[in-house]
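K.L.:
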Amino acid sequence: MVRMENSVEIKASPEKVWEMLALDRWPEWMDVAEVESAKYTSEVRTTGDKYKVGASAHVVEKRWEYELNVMESLENEKLTVSSKGKYTYTMTYLLKPIEGGTRLMFSGDFVMPGGVLGKALYKLLSGAAEKQVERALEKLKSIVEK
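Numbered by our numbering, the letters in the sequence shown go through residues 1 to 146 in order.
(1) Mind checking whether the beta-carbon of S56 lies closer than 7 Å to any heavy atom of the ligand NAP?
(2) With distances taken from CA atoms, which of E34, E75, L137, G100 is nearest K50?
(3) Run through DSSP, which three-state label would A129 get?
(4) Hey, how far is the Cα of Y89 from the Cα of S83?
(5) Please report the distance separating the alpha-carbon of W18 from that of R103.
(6) Tell me which residues share the same chain as F36 and place their Cβ nearer than 7 Å to its Cβ, disregarding the 5 neighbours each side in the sequence.
(7) With a threshold of 16 other CB atoms inside 10 Å of the CB of G100, please say whether the residue is buried or exposed.
As C-alpha cells, this is what we get:
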C-alpha cells in the first residue's frame, strides 16, 4: 500500500468546498487525473443523498473505469470514499475551518496491483501522481474561490 497526502487552503466556507466533493462534481476539478465522468449509481433524491454512507458512483477515467463508494461522511467535515476495480484505493478529505476559509486535507491509500513489481512501478510514477493530486486540489480551489 502507498500513502499520499496533500492539503490546500481555500478562501471559501467548508460548506462551499463540501459541495465540490460530491462524486458527480469530480470531473470538474479532477480532470488533471483524467476523470471524464462520474455518475451516481445509488438513488439520489436530495443533495444530501450524494454524501451519505453507501452512496456509489461509476467513474470513467481516460484509461479505466471503477466504482466509488462513500464509506464515511460527516457533513462539511469529512468524506471518505473507496474504489472497487482494477486499482483500489481509499481517499479521505478533511475540511477544517480556518480564518478566512477552509483547509482541505487529502490523504489516500493506494493498493497497486502486481505485488513487488507494482510497488516498484508506483515508485517510478509516484511523483507524477502526487503532482496530479496537487493540481486537482489547486483546480478545486480556483473553482470554489470564483
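Glycine included, each C-beta is placed from N, C-alpha and C at the ideal position.
P.N.:
This is what the structure gives:
(1) Looking at this structure, you won't find the ligand NAP or any other ligand, since it has none at all.
(2) E75
(3) helix
(4) 5 Å
(5) Their Cα atoms are separated by approximately 11 Å.
(6) Sequence inspection shows Glu at residue 36; the Phe mentioned does not correspond to that position. Answer for E36: P27, V60, E61, K62, listed in chain order.
(7) By the C-beta density criterion, G100 is exposed, having fewer than 16 other C-beta atoms within 10 angstroms.
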